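Taken in order, the sequence shown gives residues 11 to 303; the numbers are from this note's numbering. A short worksheet on the structure shown next.
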Amino acid sequence: MNRTFPEDFLRPDDRSSLEGIDESFVFTYDTYADELGEGQRWSRWEDLEALMRGPEPRPDWVVTSSGAIDTELGVLKTGKEADVFLVEREDPHTPGSAVVMAAKRYRDTDHRNFHRAASYTEGRSMKRSRDERAVKRKSTWGRQVAAGEWAVSEWNALRRCWELGLPVPYPVQIDDAEIMMEWITVDGETAPRVAQVRPEPSVVEGYYEQLRDALATLVQAGLVHGDLSPYNTLAAGDRLVIIDLPQVVDLVGNPRGMDFLLRDCANMCAWFRSRGLEVDEQELFGELMAHAF
């Protein structure tokens with residue numbers, strides 16, 4: 011059937027294609043590349059559930075654009091259970107948005123070869139009701155929690171410690187066995203481990219005060235790092251940053267919780283004494299017990 015239209019319905023070529031259209035129905039969009047280069051992948055931020063993203067409020071540097079691209083920059087550190095890589099995330103349509111993060115990838119999905127597993131998992135319970143609900147719903151996050159992966163253990167510990175105000179890297183996201191977190195730097199380079207530095211006496215004293223405060227906050231929350239040493243703390247200028255948290259244990263729920271805490275104190279106090287600061291692990295342990303109970 012032929013249909014005729016009023017003459018003014020048809021637009022002459024010299025009229026704007028938007029003329030007469032309500033601006034509330036007009037939008038613009040940016041196109042992104044169809045293919046990515048070697049070592050690149052699309053950010054999965056938008057695909058992750060809420061519990062798989064870092065806690066709010068988030069730092070301004072976190073890139074949440076669904077059009078962002080992750081570019082692998084190389085290996086930062088290798089370990090027995092996991093390797094750490096540097097990954098740059100940037101939205102190509104947002105100049106200046108690029109941020110480099112540390113991506114910790116556990117080598118296997120079930121982590122049965124975690125060499126410290128048995129003594130650290132004793133007494134471990136699912137304290138977060140939101141985790142329990144996720145397991146019951148059988149959501150993506152719930153399946154990861156139920157699997158008991160060490161990546162999940164470290165992710166939960168990082169989130170908890172960040173929310174407590176402790177000096178840890180900001181946890182950006184977890185996706186399967188990979189945790190993306192803040193890259194701790196000094197003058198644009200990876201911050202050295204405390205074991206590698208010989209700071210001025212005033213800095214050493216500052217580190218010790220920060221350590222005492224951090225451990226006190228942990229035990230007040232009923233937690234123990236469990237493997238604290240100068241090799242998993244970073245010297246970020248005048249700031250001490252604690253890393254490697256998959257083995258965090260319950261101070262009371264784990265039968266060896268007190269032993270782990272005393273060992274953490276001994277490991278750190280030995281380094282402080284080697285740098286000229288007179289400290290005693292038994293005294294520090296007693297002080298922490300006063301905070302815990």
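Backbone N, C-alpha and C define an ideal beta-carbon position, used for all residues, glycine too. Note that the structure is predicted; figures quoted are calculated from it, not measured.
One or two residues paired with residue i in a DSSP bridge
i	result
Pro181	Met191
Thr200	Thr195
Tyr116	Ala92
Thr243	Ile252
Rounded straight-line distance, which links the Cα of residue j to that of residue i
i	j	result
Val234	Thr104	41 Å
Val214	Asp185	37 Å
His301	Met191	29 Å
Ser107	Asp260	39 Å
Gly236	Asp274	7 Å
Phe303	Ala276	21 Å
Pro69	Tyr116	25 Å
Thr227	Tyr42	45 Å
Val73	Leu250	25 Å
Ser53	Ile79	5 Å
Thr88	Asp32	57 Å
Arg49	Ser34	The residue you asked about is not Arg; residue 49 is Gly in the sequence shown. One C-alpha to the other measures close to 40 Å.
Ser76	Asp57	9 Å
Ser149	Arg63	14 Å
Trp172	Val97	21 Å
Leu238	Leu46	40 Å
Met278	Pro240	6 Å
Gly232	Pro102	44 Å
Val94	Ala187	12 Å
Glu59	Ala167	18 Å
Pro7	Leu61	This structure does not reach residue 7, given that the chain is present from 11 up to 303, and the question cannot be answered.
Gly296	Pro179	28 Å
Exposure of residue i, with buried meaning 16 or more beta-carbon neighbours within 10 Å
i	result
Pro177	buried
Val229	buried
Asp254	buried
Glu100	buried
Pro256	buried
Val289	buried
Gln183	buried
Thr38	exposed
Val258	buried
Leu244	buried
Leu221	buried
Gly84	exposed
Pro211	exposed
Lys90	exposed
Ala205	exposed
Ser163	buried
Reduced DSSP secondary structure (H/G/I, E/B, other) of residue i
i	result
Thr38	coil
Val214	helix
Arg316	Nothing can be reported for residue 316, as the shown portion of the chain is limited to 11 through 303.
Leu3	In the structure as shown, the chain begins at 11 and stops at 303. Residue 3 is therefore absent and cannot be evaluated.
Val234	strand
Asp269	helix
Leu259	Correcting the residue type first, residue 259 is Val in the shown sequence and not Leu. Of the three classes helix, strand and coil, the one that applies to Val259 here is strand, per DSSP.
Ser149	coil
Leu174	coil
Leu294	helix
Phe282	helix
Asp44	coil
Arg323	The structure shown does not extend to residue 323, since the chain is modelled only from 11 through 303, so no value can be given for it.
Asp186	coil
Asn264	coil
Asp274	helix
Glu288	coil
What residue ranges within the stretch 46-114 form continuous beta strand (DSSP E) runs of no fewer than 3 residues, ordered along the chain? Secondary structure in the stretch 46-114: the beta strand (DSSP E) runs of 3 residues or longer, each lying completely within the stretch, are 50-52, 79-88 and 92-100 in chain order.
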